[in-house]
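Chemist:
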Amino acid sequence: MKRYSDLEYLRLSKGQRFANKLAAFFTGIPGAIGRFFIKIGLAIKNGFMALVNEIKDILSTFIHGDWKTKTSFVIMGFGNLTRGQILRGLLFMLFEAVFIIYMVTTGGYWLSMLPSLGKVGPTSEYNAVLDTYVTAYNDNSFKILLYGVLTIFFIVAFIYTWVVNVKQNKLAEQFLKSGKKLKSDKDDLRSMVDEQFYKTLLALPMTGILVFTVMPIVFMILVAFTNYDGAHNGFSNNLFTWVGLDNFNTLLSWKGGAGGGQSYSATFGEILTWTLIWAFLATFTNYFLGMFVAMMINKKGIRLKKMWRTILVMTVAIPQFISLLYVSKMFARNGLINLSLQSLGWIKEPLPFWEDPTWARITVIVINIWVGIPYLMLITTGILMNIPADLYESARIDGANAWQQYRKITLPYMLFITGPYLLTSFTGNMNNFNVIYLLTGGAPTNPAASGAAGSVGYTDLLITWLFKITTGAESQYYLASVVGIMVFVVVALISLVVYNVLPSIKNEEDYQ
Amino acid sequence: MEQKRHMGLKTLNRVSNTAIYILLIIISVVWLIPFVFILLQSFRVESTYQVGYVIPHEWGWQNYLNLWNSDFKRWYLNTFIIALASAVLITIIQLCMSYTLSRFRFKMRAGLMRFMLILGMFPGMLTMIILYRVLSDLGLTQANAVPGLILVGVASSGMGYYVSKGFFDTIPKSLDEAARVDGATRFQVLYKIILPLSKPIVIYTILTAFMGPWGDYVFARYVAFGTSAGYNVAVGMYSWLTNDQIARMYTTFCAGGVIVALPVTILFLCLQKYYVEGVTGGAVKG
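So the sequences go chain by chain: G and U.
Counting from 49, one number per residue, gives the positions in the first sequence under the working numbering.
Counting from 2, one number per residue, gives the positions in the second sequence under the working numbering.
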């Protein structure tokens, strides 16, 4: 990579500047990785120091505290109760009681089974009453993993609450010593709708996210390190257990898949490539064509603006599964388009919209344009109208034609405002399950990839592949987990690159 | 000379405007055609499979009668209940979330937002496997899929706070401060000052939350798999277009499509203004 002085740099064309930025980013990667690890090292060191300080603080609280504080180390909330904060004290005590009861009755069991994920699978036992053999279900790997994770969450929450309890005692003691009054229960309740109102507001949404998003994601990440699948469902046939990094090796190795097909890594590579091509084309065709339509409707002198917009917006309202399924059947071998073209005598053989890989991919992208333009038209309309009109006025006086005005004013402005949107839309398209699944279901099938889990097709994205793996005959959940983690890695990497390159591009655009 | 140039510009403008009108008409036709086709084919009686013409030879209500005699009623009711419950609950949760993140400055705020950004990068489909097992342990799958779908849809809706946070950010903070100086609690500020100003975003959130479940296919299929009584319209009608059903059910699918799309579209067109405001205001900033 060539380094430029400021003056030289300004003389470069836009493309060269961009290439330079990109090169700078990629050559900067080793340094960035180095800095990243130094940062992590520092963070670990700081975290460790903070932990040591915390423990010191807790110890000194115990040593210097009065008997109320000391008792609170064992009986949470005791200090609050004896100092008149009844509500807080009772809540602390209740939490401790629930925790102890849970750990003694079930939590301890789940935790102890977590390293093995269960020892005894289902057995066949003789039942004297029925005079026959019945299946007895013993350990349940799925539940062990699930409740094991939950128990760990619970323990962390308990430790945190315990520390809070200790700190409150320390503070309360100091307050009373210096002659200040403690907050009464009434103050506490009032603060729930005032200073601490954010806690009240966040309680419900965050609980939902924790239980129904965070916990499942942690669980599924762990599944990637097990052999959980249809044949090891952890309950009624075989238990599943930890397998370390085996699944990652399977996905990334070059060995051939089962049934003599190509290796998983080849299949994964093919699907990933198509996913990226699709996301790129889907995002930018929609973006530019949507902007184009919006500009046509916005043009001075075009009448019935509202009607044109309403017609397009209306299509947003109709549930996607109806329009996509209908359009999918329209393009089918015996669908409306092929049948009518045949009856008109324009073609003899039906066009292979969904049968030929290249046809299918192009058709999917074209139909996606049909799906996406109304939405993009809406988004861009508002921004287009915000571009100061005098910019165009002065450009016209300088003799710029329509194309030059677009290149020099409209496009930079739009890219500046919609940069973040383009990124989310790109990653959204990578995971655009609906359009692909409802239109093609991944078809046409890729025979070379038949050895890999599920039947993989030429229009399959990683996300539809993941779905097929989990619903396929073998239900290889562990493989689905690995693919899901890969999707995360790709999305996170792209976001990281774009966030690092984008602002510098933005600053370059001139708005005069 | 000057006159001539002026005339030239005018004709040029007229030509380009005409071209734009032609393009816009073509676009409108292309965008509306599938829906017109669905409507026309839903009245076709002479055959139930795909044909090479659009206008029915014989008109009638047969397909709509078929709908009435199928499980479609149940699916429609299921979807309607889910949509209604989602509209209420998701709106409450998302407004709580976005208002808090827009107005309060607390220690964990930045970390929380970054955390949710990272969570959003995991494909949501990954969590289906475990959510299904958990729901099935709670007895909320198959025939009881409706409460299960509501629960899952509502629980993680807090992550979609971006659009309404963008809106709340535009309400000047000086309003809050003035009220706080006058002795209002944070709750009173929200209830008496912010909410009345937030009508557009509230309606936008209700509208999108209500429309979402009508097109929800993948998780609904996962949860209700194999039990018709737990289907929503998307899962149910998808089963009509499988290879062994399509010849018999194609026109019925079209009729179902009309019945599903009509109320949603009418509602949408009535509230179009708010939707456009939400999309153009919040979606881009988010």
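Each residue gets a CB set at the ideal place from its N, CA and C atoms; glycine is no exception.
1. Taking C-beta to C-beta, are Ser473/G and Thr331/G nearer than 8 Å?
2. So Tyr251/U packs on Thr49/U, CB below 8 Å; how close in whole Å?
3. Quick one: residues in its chain with C-beta nearer than 7 Å to the C-beta of Val539/G, no 5 flanking neighbours on either side, listed in chain order?
4. Determine the direct distance from the alpha carbon of Tyr461/G to that of Ser53/G, and round the result to whole angstroms.
5. Counting Cβ pairs, one atom from each stretch, are 3 or more of them under 8 Å apart for the region 184-193 of chain G and the region 157-165 of chain G?
6. Rounded to whole angstroms, what's the CA-CA distance from Trp290/G to Gly282/G? Just pull it up for me.
7. Is the beta carbon of Asp233/G sitting closer than 8 Å to the one on Leu135/G?
8. Counting along the chain, where does the alpha helix (DSSP H) carrying Thr518/G start and finish?
9. Under 8 Å by Cβ, that's how I've got Asn548/G and Phe73/G pegged, so tell me the actual separation to the nearest angstrom.
10. Report back the beta-carbon spacing between Trp215/U and Ala88/U to the nearest angstrom; my notes put them in contact at under 8 Å.
11. Which residues in the same chain as Ile553/G place their Cβ atom closer than 6 Å to its Cβ, once the five residues preceding and following it in sequence are excluded?
12. For chain G, is any of its Cβ atoms less than 8 Å away from the one on Ile39/U?
13. Flag Tyr150/G as yes if its beta-carbon sits less than 8 Å from any beta-carbon of chain U, otherwise no.
14. Pro124/U and Val535/G: beta carbons closer than 8 Å?
15. Name, in chain order, the residues that DSSP records as bridge partners for Glu56/G.
16. For the beta strand (DSSP E) holding Glu173/G, just list the boundary residues, first then last.
17. Can you find a C-beta in chain U that's less than 8 Å from the C-beta of Ala365/G?
18. By DSSP, does Ser157/U sit in helix, in strand, or in coil?
19. Quick check on the DSSP output: the beta strand (DSSP E) that includes Tyr181/G runs from which residue to which?
20. Starting from the beta carbon of Cys97/U, find every residue of chain G whose beta carbon is closer than 8 Å, and list them in chain order.
21. Give the residues of chain G in contact with Thr266/U, contact being defined as C-beta atoms less than 7 Å apart.
22. Which same chain residues end up closer than 6 Å to Pro398/G when comparing Cβ atoms and leaving out the 5 residues on each side of it in sequence?
23. Short of 9 Å Cβ to Cβ, which residues in the region 386-408 of chain G face chain U?
24. Output the distance between the C-alpha atoms of Leu142/G and Trp115/G, rounded to the nearest integer angstrom.
25. On the CB-based measure, 16 or more other CB atoms within 10 Å of its CB, does Val531/G come out buried or exposed?
26. At 9 Å on the CB atoms, spell out the chain B contacts of Ala262/U, in chain order.
27. Looking only at its chain, what residues have a beta carbon closer than 8 Å to the beta carbon of Val211/G, apart from the 5 residues adjacent to it on each side?
28. Cutting at 7 Å between CB atoms, please list the residues of its own chain near Phe206/G, excluding the five before and the five after it.
29. Rounded to a whole number of angstroms, what is the C-alpha to C-alpha distance between Leu487/G and Ala235/U?
30. Do Ala256/U and Asn79/U have their C-beta atoms closer together than 8 Å?
31. Tell me, please, whether the CB atom of Gly184/U is closer than 8 Å to any CB atom in chain G?
32. In chain order, what residues of the same chain have a beta carbon less than 6 Å from the beta carbon of Tyr174/G, not counting five sequence neighbours either side?
33. How would you label Ser160/G, buried or exposed, when you count the other beta carbons within 10 angstroms and need 16 or more for buried?
34. Taking DSSP as the reference, what is the three-state secondary structure of Gly311/G?
35. Taking C-alpha atoms, which residue in His112/G, Phe140/G, Phe267/G lies nearest to Val122/G?
36. Checking the sheet assignment: what are the DSSP bridge partners for Arg45/U?
Modeler: Quick look at the numbers:
1. Within the first sequence, numbered from 1, the residue matching residue 473/G stands at position 425. Within the first sequence, numbered from 1, the residue matching residue 331/G stands at position 283. In this structure, Thr331/G lies closer than 8 Å to Ser473/G by Cβ.
2. Against the second sequence, residue 251/U aligns to sequence position 250. Against the second sequence, residue 49/U aligns to sequence position 48. Between the beta-carbon of Tyr251/U and that of Thr49/U there is about 6 Å, and that keeps the pair under the 8 Å contact cut.
3. By one-based count along the first sequence, residue 539/G stands at place 491. Excluding positions up to five away in sequence, the list reads Thr475, Met478.
4. Within the first sequence, residue 53/G is the residue found at index 5, counting from 1. Within the first sequence, residue 461/G is the residue found at index 413, counting from 1. So the two alpha carbons sit approximately 27 Å from each other.
5. Yes, the region 184-193 of chain G is in contact with the region 157-165 of chain G.
6. Position 242 of the first sequence, counted from the start, is the residue given in the question as residue 290/G. Position 234 of the first sequence, counted from the start, is the residue given in the question as residue 282/G. Rounded to the nearest angstrom, the two C-alpha atoms are 12 Å apart.
7. As a first step, residue 233/G is located in the first sequence; it is residue number 185 there, counting from the start. As a first step, residue 135/G is located in the first sequence; it is residue number 87 there, counting from the start. Yes, the pair counts as a contact, with Cβ atoms nearer than the cut-off.
8. Start at 1 with the first residue of the first sequence, and residue 518/G comes out as number 470. Residues 510-519.
9. Position 500 of the first sequence, counting from 1, holds the residue named residue 548/G. Position 25 of the first sequence, counting from 1, holds the residue named residue 73/G. Between Phe73/G and Asn548/G the Cβ distance is about 6 Å, and since that is below 8 Å, they are a contact.
10. Within the second sequence, numbered from 1, the residue matching residue 215/U stands at position 214. Within the second sequence, numbered from 1, the residue matching residue 88/U stands at position 87. With a contact defined as Cβ atoms closer than 8 Å, Trp215/U and Ala88/U miss out at about 11 Å.
11. Working through the first sequence from its first residue, we reach residue 553/G at position 505. Here the model assigns Ile553/G a pLDDT of 43, short of 50, so the residue's position is not dependable and the matter cannot be decided.
12. Numbered from 1 along the second sequence, position 38 holds the residue referred to as residue 39/U. By this cut-off, Ile39/U is an interface position.
13. Locating residue 150/G in the first sequence gives position 102, counting from the first residue. The Cβ of Tyr150/G sits no closer than 8 Å to any Cβ of chain U.
14. By 1-based counting over the second sequence, the position of residue 124/U is 123. By 1-based counting over the first sequence, the position of residue 535/G is 487. Closer than 8 Å, so yes.
15. Looking up residue 56/G in the first sequence gives position 8. Bridge partners of Glu56/G: none, in fact.
16. Counting from 1 along the first sequence, the entry for residue 173/G is found at position 125. Run containing Glu173/G: 171-175, per the beta strand (DSSP E) assignment.
17. Residue 365/G sits at position 317 when you count from the first residue of the first sequence. True, the Cβ-Cβ gap to chain U drops below 8 Å.
18. As a first step, residue 157/U is located in the second sequence; it is residue number 156 there, counting from the start. In this structure, Ser157/U counts as coil in the three-state DSSP scheme.
19. To locate residue 181/G, count along the first sequence from 1; it is residue 133. Residue range 180-184 is occupied by the beta strand (DSSP E) that includes Tyr181/G.
20. Residue 97/U sits at position 96 when you count from the first residue of the second sequence. Leu249, Leu250, Leu252, Pro253, listed in chain order.
21. In the second sequence, counting from the first residue as 1, residue 266/U sits at position 265. Neighbours of Thr266/U on chain G, chain order: Met362, Ala365, Ile366.
22. By 1-based counting over the first sequence, the position of residue 398/G is 350. Excluding residues within five positions, the ones whose Cβ falls inside 6 Å are Arg381, Asn386.
23. Result list: Asn386, Leu387, Ser388, Leu389, Gln390, Ser391, Leu392.
24. Counted from its first residue, the first sequence places residue 142/G at position 94. Counted from its first residue, the first sequence places residue 115/G at position 67. Cα-Cα distance, rounded: 21 Å.
25. One-based indexing of the first sequence puts residue 531/G at position 483. When all chains shown are included, Val531/G counts as buried.
26. Chain labels in this structure do not include chain B; the protein chains are G and U.
27. For the purposes of this step, residue 211/G is taken as the residue at position 163 of the first sequence. Here the set comprises Glu102, Ile106.
28. Looking up residue 206/G in the first sequence gives position 158. Only residues of its own chain outside the window of five on either side were considered, and among them Phe147 have a CB closer than 7 Å to the CB of Phe206/G, listed in chain order.
29. Stepping through the first sequence from its first residue, residue 487/G is reached at position 439. Stepping through the second sequence from its first residue, residue 235/U is reached at position 234. In this model, Leu487/G and Ala235/U are separated by some 14 Å (Cα to Cα).
30. Sequence index remark: in the second sequence, residue 256/U carries index 255 (1-based). Sequence index remark: in the second sequence, residue 79/U carries index 78 (1-based). Annotated as distal: Ala256/U and Asn79/U, with beta-carbon spacing of 8 Å or more.
31. Indexing the second sequence from 1 puts residue 184/U at position 183. Not closer than 8 Å to any Cβ of chain G, the Cβ of Gly184/U fails to qualify, so no.
32. Within the first sequence, residue 174/G is the residue found at index 126, counting from 1. So the qualifying residues of the chain are Tyr181.
33. Residue mapping note: residue 160/G aligns to position 112 of the first sequence, counting from 1. Of the residues assessed, Ser160/G falls on the exposed side of the cut-off, its CB having fewer than 16 other CB atoms within 10 angstroms.
34. In the first sequence, residue 311/G corresponds to position 263, counting from 1. Correcting the residue identity first, residue 311/G is Ser in this sequence and not Gly. Residue state, collapsed to three classes: strand.
35. Counted from its first residue, the first sequence places residue 122/G at position 74. Among His112/G, Phe140/G, Phe267/G, the Cα nearest to that of Val122/G is on Phe140/G.
36. On the second sequence, position 44 is the one that residue 45/U refers to. In the DSSP output, where bridge partners are listed per residue, Arg45/U has Trp60/U.
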